[in-house]
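So the protein sequences, as listed, match chains P and F.
Mapping of the first sequence onto my numbering: residues 41 to 334, in sequence order.
Mapping of the second sequence onto my numbering: residues 9 to 296, in sequence order.
All residues carry an ideal CB built from backbone N, CA and C; glycine is no exception.
Predicted, not measured: the structure shown is a model, and the values here were computed from it.
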Amino acid sequence: MSDYTITIGTFIAIQAIVACGLNVIVGYAGQISLGHAAFFGIGAYASALLTTAGGFSFWGALPLVLFITGFIGLVLGLPSLRLKEDFLAITTIGINFIVVSVFLYVPFFGGALGIGGIPRVILFGTRLRGTPFLFLCLAFLAAVQLVSWLFTRSWSGLACFALREDEAAASSMGVSPVRFKLAAFILGTAMAGLGGALYAHFMRFISATDFGFPMSVMILSMVVLGGMGTLWGPVLGALVLGMLPEVFRPLTEYRMFLYAALLLLMIRFQPGGLLGESSLARQIFSRLKGGEKE
Amino acid sequence: MQLFLEQMLNGLAIGAIYALITLGLALVYGILRILHVAHAAIYTVGAYVGLAIFSSTHSLALSVTGSMLFCAILGVLIERFVYYPLLKFPPYVPLIGSIACLLAIEELCRMVAGPYILSFPAELPFPSFTIGGIVISSTLSAVYGISAGVLLLLWIITTKTELGLAMRATSQDMAIASSMGINSHWIISVTFMIGSAVAAIAGILVGIYYNQVYPTMGAVPAYKTLALIVVGGLGSVPGAVLASILLGIAETLLIGYAGIPLPRDALAFIAMIAVLLWRPQGLLGGRR
Numbered sequence: 041m042s043d044y045t046i047t048i049g050t051f052i053a054i055q056a057i058v059a060c061g062l063n064v065i066v067g068y069a070g071q072i073s074l075g076h077a078a079f080f081g082i083g084a085y086a087s088a089l090l091t092t093a094g095g096f097s098f099w100g101a102l103p104l105v106l107f108i109t110g111f112i113g114l115v116l117g118l119p120s121l122r123l124k125e126d127f128l129a130i131t132t133i134g135i136n137f138i139v140v141s142v143f144l145y146v147p148f149f150g151g152a153l154g155i156g157g158i159p160r161v162i163l164f165g166t167r168l169r170g171t172p173f174l175f176l177c178l179a180f181l182a183a184v185q186l187v188s189w190l191f192t193r194s195w196s197g198l199a200c201f202a203l204r205e206d207e208a209a210a211s212s213m214g215v216s217p218v219r220f221k222l223a224a225f226i227l228g229t230a231m232a233g234l235g236g237a238l239y240a241h242f243m244r245f246i247s248a249t250d251f252g253f254p255m256s257v258m259i260l261s262m263v264v265l266g267g268m269g270t271l272w273g274p275v276l277g278a279l280v281l282g283m284l285p286e287v288f289r290p291l292t293e294y295r296m297f298l299y300a301a302l303l304l305l306m307i308r309f310q311p312g313g314l315l316g317e318s319s320l321a322r323q324i325f326s327r328l329k330g331g332e333k334e
Numbered sequence: 009m010q011l012f013l014e015q016m017l018n019g020l021a022i023g024a025i026y027a028l029i030t031l032g033l034a035l036v037y038g039i040l041r042i043l044h045v046a047h048a049a050i051y052t053v054g055a056y057v058g059l060a061i062f063s064s065t066h067s068l069a070l071s072v073t074g075s076m077l078f079c080a081i082l083g084v085l086i087e088r089f090v091y092y093p094l095l096k097f098p099p100y101v102p103l104i105g106s107i108a109c110l111l112a113i114e115e116l117c118r119m120v121a122g123p124y125i126l127s128f129p130a131e132l133p134f135p136s137f138t139i140g141g142i143v144i145s146s147t148l149s150a151v152y153g154i155s156a157g158v159l160l161l162l163w164i165i166t167t168k169t170e171l172g173l174a175m176r177a178t179s180q181d182m183a184i185a186s187s188m189g190i191n192s193h194w195i196i197s198v199t200f201m202i203g204s205a206v207a208a209i210a211g212i213l214v215g216i217y218y219n220q221v222y223p224t225m226g227a228v229p230a231y232k233t234l235a236l237i238v239v240g241g242l243g244s245v246p247g248a249v250l251a252s253i254l255l256g257i258a259e260t261l262l263i264g265y266a267g268i269p270l271p272r273d274a275l276a277f278i279a280m281i282a283v284l285l286w287r288p289q290g291l292l293g294g295r296r
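Here you go:
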């Protein structure tokens, strides 16, 4: 594999981790969030600051990073208890803009210059770069997928599904909306924090603009496009949306336009996602399965 | 004191421009419950089409009418092709469609007109005033005059005409409005036409006010206007106008005096969260 492929692959793996985190919040718990890049950014900044100014190693900082992003996710998830649907969507956009402007304007976070000189990840005494780092990201992605899968099988997951389908009915059955919505927020934002930490140590330089609202839109598009609430949907979405700009790279001038137009067509004709209910892939698959039985 | 008043007048002008952009968004939200982010793309297209007609004919009247017509058609196309078929899905599906539309149209503008900042060298036919030593330039008086005129016209359309009655009925309950003989799909299209035509006026006005037209001029308004319709009360047109004007003034004054270290674009969202904590239904929104 060339360096180019490895770099693209690493980006896709990191974005898939963040998209899986968003999937827990949006797909499993049914809470719309358009500010997920803020938590991606909080994870990246936390890890960058802990390893550069704090003197921690990547592995020492990681539990703290997960704790910090999960905790901020808990606090910023509180509005979801009061706000519904569109109000929540716009509030999360607002949270994204505010977090980015705090990174940009507070000198502690490096201001417009961002944070540089972030050390590489050291595992078994070797500095990870290139292919080994890609494998590290893939291993974390596998772990995130495992946690997501366990979550859907757990009592908390079931409670979240019930709340997503009908909050009034679920809460009258004794399922606490507060507890399980916030649990989904903590889990989802901690996953975004993990993605952020990996991103910081991959790029080794971060600035606030990497985590702006367009990034949130990108992550949500990945989740919706792949199939919200499915286990592999976000990963597929990250793969498709991560590869598209590279496929269109020879068409430099028209690249972003084709990307946007294709996203529009996909959401227009497969609104349930590529792996969601009543999607083309699912229909073909179930037809094949039905064919075998007959 | 004089500086303060001049700042106020500038803030009022910015607020009036915000109001013109937010208006269409509030109308569309009121009727379809969709966050129409692509509205900002229509506003950008409005500025470009206006500039193109102006530079070939040198007639501001032709440029405004042509641009309004073009944007009205574009708005209906977006509604027919993107939003209407996606109405039965959860609200984030049309929202993503809308954001994709915004990106695609921005890119299209860049491809056609180039990534440069173009100037809009038009003179608005409005007089300038001097009241008590404070000069109101012709651009400022044009912004006030045009936005007041548009707001008045829209107020008359929505409250005094049969069309306005049909629009309000459709926004309250589309199914019942349809069963009462209102062609609700046509009413939705008309709402998009009106909102988009007003966005075209806003685009031309901003182009002349700042003397700048560029492909990403819609990027900041796209999300700021979302905050504004929330602050005003989702779907409440008077609330959206009030919130826009307040924000225009607050931005100008806070940046002029308080010197807070936050960019003005975050201010709208901070105000929004504060308002939501205090009045979750927005400034003028009814309880839902």
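Judged by DSSP secondary structure, threonine 138 of chain F falls within the beta strand (DSSP E) whose first and last residues are 137-139. Close CB contacts of valine 257 of chain P within its chain, under the 8 angstroms cut and outside five residues either way in sequence, are with Leu74 (chain order). Against arginine 308 of chain P, the close residues of chain F are Phe89, Val90, Pro93, Leu94 and Gly105, in the order they occur along the chain (beta-carbon pairs closer than 8 angstroms). Assigned with DSSP and collapsed to three states, threonine 166 of chain P falls in strand. Within chain F, the residues Leu111, Ala112, Glu114, Glu115 and Arg118 have their CB atoms less than 9 angstroms from the CB of methionine 296 of chain P, given in chain order. Below the 7 angstroms Cβ cutoff, chain F contributes Ile281 and Leu284 as neighbours of threonine 131 of chain P, in chain order.
Listed along chain F, the residues sitting closer than 8 angstroms to leucine 260 of chain P by beta-carbon distance are Tyr100 and Ile104. Proximity of tyrosine 231 of chain F to chain P, defined by a Cβ-Cβ separation below 8 angstroms, is satisfied.
By DSSP's assignment, leucine 126 of chain F forms a beta bridge with F/Val221. The beta carbon of glutamate 293 of chain P falls within 8 angstroms of a beta carbon belonging to chain F, placing the residue at that interface.
Assigned with DSSP and collapsed to three states, isoleucine 142 of chain F falls in strand. Of all residues in the segment 133-153 of chain P, the ones placed with a Cβ closer than 9 angstroms to any Cβ belonging to chain F are Ile133, Gly134, Ile135, Asn136, Phe137, Ile138, Val140, Ser141, Val142, Leu144, Tyr145 and Val146, in chain order. Chain order gives the chain F residues near isoleucine 72 of chain P as Tyr100, where near means a beta carbon separation below 7 angstroms. The beta carbon of alanine 224 of chain P does not come within 8 angstroms of any beta carbon belonging to chain F, so the residue lies off that interface. For threonine 169 of chain F, the number of other beta carbons within 10 angstroms of its own is below 16, and it is reported as exposed. Between the segment 81-100 of chain P and the segment 262-275 of chain P there are fewer than three C-beta pairs closer than 8 angstroms, too few to call the two in contact. Contact annotation: the segment 148-159 of chain F does not touch the segment 301-312 of chain P, with fewer than three C-beta pairs closer than 8 angstroms. For the segment 239-251 of chain P, no residue has a beta-carbon sitting nearer than 7 angstroms to a beta-carbon of chain F. Closest option to glycine 105 of chain F, judged by alpha-carbon separation, among F/Tyr51, F/Leu159 and F/Ala46: F/Ala46. The three-state reading of DSSP puts isoleucine 22 of chain F in helix, counting H, G and I together.
DSSP lists P/Ile246 as the bridge partner or partners of isoleucine 155 of chain P. Using a 10 angstroms sphere on the CB of valine 218 of chain P, the tally of other CB atoms stays under 16, which defines it as exposed. Collapsing the DSSP output to three states places arginine 41 of chain F in coil.
For glutamate 131 of chain F, the three-state secondary structure derived from DSSP is coil.
Beyond the five residues adjoining it in sequence on each side, isoleucine 142 of chain F comes within less than 8 angstroms, by CB distance, of Gln10, Leu13, Glu14 and Leu17 in the same chain, given in chain order. Within chain P, the C-beta atoms nearer than 7 angstroms to that of phenylalanine 97 of chain F come from Pro311, in chain order. Look at alanine 80 of chain F: its C-beta is not under 8 angstroms from any C-beta on chain P. Listed in chain order, the non-local C-beta contacts of alanine 248 of chain P below 6 angstroms within the same chain comprise Val140, Phe143 and Leu144, local neighbours out to five positions each way being set aside. Arginine 160 of chain P sits in coil when the DSSP states are folded into three classes, being neither helix nor strand. By the 16-neighbour rule on beta-carbons within 10 angstroms, lysine 221 of chain P is buried. Going by DSSP, tryptophan 272 of chain P is part of no alpha helix (DSSP H) at all; its letter is neither H nor E. At a beta-carbon threshold of 8 angstroms, the residues of chain P lying near leucine 242 of chain F are Asp126 and Phe127, ordered along the chain.
Apart from sequence neighbours up to five positions away, the residues of its chain that approach valine 84 of chain F with a beta-carbon distance below 7 angstroms are Ser197, Phe200 and Met201, ordered along the chain.
When DSSP states are grouped into helix, strand and coil, valine 215 of chain P belongs to the coil group.
For valine 66 of chain P, there is no enclosing alpha helix (DSSP H), since its DSSP letter is neither H nor E.
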